[in-house]
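J.: Here the protein sequences line up with chains A and B, keeping their order.
Residues 2 to 110, numbered by the numbering used here, are exactly what the first sequence covers, in order.
Residues 1219 to 1454, numbered by the numbering used here, are exactly what the second sequence covers, in order.
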Amino acid sequence: MSYSTAEIWFIVIVLGLGTFLLRFSFLGVIGRRQLPGWVLRHLRYTAVAVLPALVAPLVLWPQAAGGEPNPPRLLAAAVTLGVGYFSRNVLAAIGGGAVTLYLMLFLMG
Amino acid sequence: MRNTSARGAYWRGFWAAAPFVLVVAPFGLLFGVVATEAGLNLVEVMSFSIFVIAGASQFAAIQLMSENAPTLVVLGTALAVNLRMAMYSASLAPHLGQAKMWQRALASYFMIDQSYAVSIAEYEEQPAQSLRDKVAFFFGAVTPTCLPWYGATLLGATIGQTIPPGLALDFAVPITFLAMIGPMLRTAAHVAATFVSVTLALLLAGLPYNSGLMIAALGAMAAGAQVEFWQTRRAG
């Protein structure tokens, strides 16, 4: 990465402060007032809105494989998602994905 | 007597949250490794875990930083990942909103997925308990879920400096995120949001400044909310 020390600290501090303000918003400031239903409805989907968008290009076009679709990584991604979906267990999914990736990289040399 | 009940509530919170150390510790370890591999020094890695203390957003920030994304994109994306914390804050407010200011500030700092989930389950099951007990329970739940985060990050950052290249760690972040997404796909609305998120992100991947990511996220939130709206209207 090519950030200056000052930029890295700017990111850490603003991210830390912003995250605290999100956590403190209702508990500290707004109190017992209810959020409107449509806001809650949108907030419920932030994680499934941001994380897949972040991860999709990394899975399909991994830098480490020259930006081309890479079978070991594609299969590892599918196994991770599948294990996570069916087991509802994050660590099992990471384990399944990691084992698949290393096995495939080993087999395909 | 009141002290005894608060102490009991603290330990009930502690033991209810204790199993989650098995989730938090490996995550923190992985963050330490990945952030170190990405090029941050030990102090910078630790400051992420101390100031931000929110795993998914820390991973998101590191991933975008390793792609040299603009600072505003790094911040916008990582903060978007944490928007759900505002929802947690709103749902805890009826239970902890009357606590002392320093307690509310401290509880906010330590509000992570696990401490929130364990506490809100307890409050909904036993809404009548005293404010003092509710606060004690929350900090009980914080102890085994938040405190290991620091040590695990430190250990990961230390190990990270000795890990040889060629371990395909480039894929650690994608696997971590995919592992978190799988269990989130609980309803049709969550699946719809994920589908829109992936589709738009891939279609808009060429846009400058990773702006496709932000558009994809906004579109996906709207899609999830809309599907939920249709479903509740049909059910109602």
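Ideal Cβ positions, reconstructed from N, Cα and C, are used throughout, including at glycine.
Starting from the C-beta of B:Tyr1228, find all residues in its chain whose C-beta is less than 6 Å away, skip the five residues before and the five after it, and write them out in chain order.
T.: For the purposes of this step, residue 1228 of chain B is taken as residue 10 along the second sequence, with counting starting at 1. Answer for B:Tyr1228: Ala1354, Gly1358, listed in chain order.
J.: What residue range does the alpha helix (DSSP H) around B:Val1360 cover?
T.: Working through the second sequence from its first residue, we reach residue 1360 of chain B at position 142. 1349-1378 is the extent of the alpha helix (DSSP H) around B:Val1360.
J.: Excluding the 5 residues preceding and the 5 following B:Ile1330 in the sequence, name in chain order all residues of the same chain whose CB lies nearer than 7 Å to its CB.
T.: Numbered from 1 along the second sequence, position 112 holds the residue referred to as residue 1330 of chain B. Closer than 7 Å at the Cβ level, and outside the excluded window around B:Ile1330, lie Ile1271, Ala1272, Thr1363, Cys1364.
J.: Relative to the C-alpha of B:Ser1326, which residue among A:Phe27, A:Ser5, A:Tyr103 is closest?
T.: The residue labelled residue 1326 of chain B in the question sits at position 108 within the second sequence. Per the Cα distances, A:Phe27.
J.: Tell me the start and end of each unbroken alpha helix (DSSP H) in the segment 1284-1314 of chain B that is at least 4 residues and wholly inside, in chain order.
T.: Here the runs fully enclosed are 1289-1299, 1302-1314.
J.: Rounded C-beta distance between A:Ala50 and B:Ser1415? I'm assuming under 8 Å.
T.: In the first sequence, residue 50 of chain A corresponds to position 49, counting from 1. In the second sequence, residue 1415 of chain B corresponds to position 197, counting from 1. Indeed they touch by this definition, with Cβ atoms about 5 Å apart.
J.: I want to see whether chain B comes within less than 8 Å of A:Ala7, judged by CB atoms only; does it?
T.: Here the question's residue 7 of chain A lines up with position 6 in the first sequence. For A:Ala7, the answer is no, since every Cβ of chain B falls outside 8 Å of its Cβ.
J.: Show which residues of chain A have a CB atom less than 9 Å away from the CB atom of B:Ala1339.
T.: By one-based count along the second sequence, residue 1339 of chain B stands at place 121. Those within 9 Å of B:Ala1339 in chain A number zero; the least Cβ separation is about 16 Å.
J.: Select from A:Val80, A:Arg45, A:Leu52 the residue whose C-alpha is nearest the C-alpha of B:Glu1446.
T.: Position 228 of the second sequence holds residue 1446 of chain B. Minimum Cα distance to B:Glu1446 is reached at A:Arg45.
J.: Output needed in chain order: residues of the segment 1420-1432 of chain B with a Cβ under 7 Å from some Cβ in chain A.
T.: Correct list: Leu1420, Ala1423, Leu1431.
J.: Taking B:His1313 as the reference, give the member of B:Phe1413, B:Phe1356, B:Leu1297 with the closest Cα.
T.: Within the second sequence, the letter at position 95 stands for residue 1313 of chain B. Closest option to B:His1313, Cα to Cα, is B:Phe1356.
J.: Pull up the distance between the alpha-carbon of B:Val1409 and that of B:Gly1442, whole angstroms please.
T.: For the purposes of this step, residue 1409 of chain B is identified with residue 191 of the second sequence, where counting begins at 1. For the purposes of this step, residue 1442 of chain B is identified with residue 224 of the second sequence, where counting begins at 1. Straight-line Cα distance between these residues: approximately 8 Å.
J.: Excluding five sequence neighbours on each side, which residues of the same chain lie with their C-beta closer than 8 Å to the C-beta of B:Met1219?
T.: The sequence position of residue 1219 of chain B within the second sequence is 1, counting from 1. With a pLDDT of 47 at B:Met1219, under the threshold of 50, the predicted position of this residue should be treated as unreliable, and no value is reported.
J.: Given that A:Pro63 touches chain B, what residues does it touch there, using C-beta distances under 9 Å?
T.: What you label residue 63 of chain A is simply residue 62 of the first sequence in a count that begins at 1. Going along chain B in sequence order, the residues near A:Pro63 (Cβ under 9 Å) are Asp1388, Phe1389, Pro1392.
J.: Are A:Ala54 and B:Leu1418 closer than 8 Å when you measure CB to CB?
T.: Locating residue 54 of chain A in the first sequence gives position 53, counting from the first residue. Locating residue 1418 of chain B in the second sequence gives position 200, counting from the first residue. A contact, by the Cβ cut-off of 8 Å.
J.: Quick one: is B:Glu1262 near chain A, going by C-beta distance under 8 Å?
T.: Position 44 of the second sequence, counted from the start, is the residue given in the question as residue 1262 of chain B. With 8 Å as the cut-off, B:Glu1262 counts as an interface residue toward chain A.
J.: Please confirm whether B:Val1299 has its beta-carbon closer than 8 Å to some beta-carbon of chain A.
T.: Locating residue 1299 of chain B in the second sequence gives position 81, where the first residue counts as 1. So yes, B:Val1299 belongs to the interface.
J.: Determine, for A:Val15, whether the minimum Cβ-Cβ distance to residues of chain B falls below 8 Å.
T.: By one-based count along the first sequence, residue 15 of chain A stands at place 14. Interface residue, yes.
J.: Determine the contact status of A:Ala77 and B:Phe1389, defining contact as a CB-CB distance below 8 Å.
T.: Here the question's residue 77 of chain A lines up with position 76 in the first sequence. Here the question's residue 1389 of chain B lines up with position 171 in the second sequence. Yes, the Cβ-Cβ distance between A:Ala77 and B:Phe1389 is below 8 Å.
J.: Report all residues from its chain with a CB closer than 8 Å to the CB of B:Arg1225; omit the five preceding and five following residues, and keep chain order.
T.: In the second sequence, the residue the question calls residue 1225 of chain B occupies position 7. Cβ within range, chain order: Ala1354.
J.: Report buried or exposed for B:Tyr1427, applying the criterion of at least 16 other Cβ atoms within 10 angstroms of its Cβ.
T.: In the second sequence, the residue the question calls residue 1427 of chain B occupies position 209. Exposed is the call here.
J.: Would B:Leu1387 pass as a contact of B:Val1252 if the rule is Cβ separation under 8 Å?
T.: The sequence position of residue 1387 of chain B within the second sequence is 169, counting from 1. The sequence position of residue 1252 of chain B within the second sequence is 34, counting from 1. Taking 8 Å as the Cβ cut-off, B:Leu1387 and B:Val1252 qualify as a contacting pair.
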